[in-house]
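These notes are about the structure you will find just below.
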Amino acid sequence: MTKADVINEIAEKTGIDRLDVQASVEAFFSVVKNSMAEGENIYVRGFGSFVNKKRAKKIARNISQNTAMVIDEHYIPSFKPSKVFVEKIKTSDKIG
Numbered sequence: 391m392t393k394a395d396v397i398n399e400i401a402e403k404t405g406i407d408r409l410d411v412q413a414s415v416e417a418f419f420s421v422v423k424n425s426m427a428e429g430e431n432i433y434v435r436g437f438g439s440f441v442n443k444k445r446a447k448k449i450a451r452n453i454s455q456n457t458a459m460v461i462d463e464h465y466i467p468s469f470k471p472s473k474v475f476v477e478k479i480k481t482s483d484k485i486g
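To get our numbering, take the position in the sequence shown, counting from 1, and add 390.
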């Protein structure tokens, strides 16, 4: 399912104009990206958490040149689903 499919389905279910739904979805993603870029985590009750995970500094190997390279500590975005969300997926008949 693509973002356009999600927007169309929300518009059909709510009766809200598709362009208004698109603006809302785009605004949501913008807020998530900007907030996480500023170091904030986002918690959506019943859905999950968008969090920044810290990766430690490490030494990696470039196998094509057989050299070591240092990867500094950095943050990566991560999503942790809520228990309600996980249970919904586990009990679904459509998966698998």
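Even for Gly, the Cβ is constructed at its ideal location relative to N, Cα and C. Computed from a predicted structure; not experimentally measured.
A direct Cα-to-Cα measurement between PHE419 and SER482 gives close to 27 Å.
The alpha-carbon separation between THR457 and VAL422 amounts to approximately 37 Å. Of the residues GLY436, LYS403 and HIS464, the one whose Cα lies closest to the Cα of PRO471 is GLY436. Under the Cβ criterion (8 Å, minimum of three pairs), the segment 460 to 477 counts as touching the segment 427 to 446. Comparing C-alpha distances from SER439 to each of MET426, ALA450, ASP407 and LYS393 shows the shortest one belongs to MET426.
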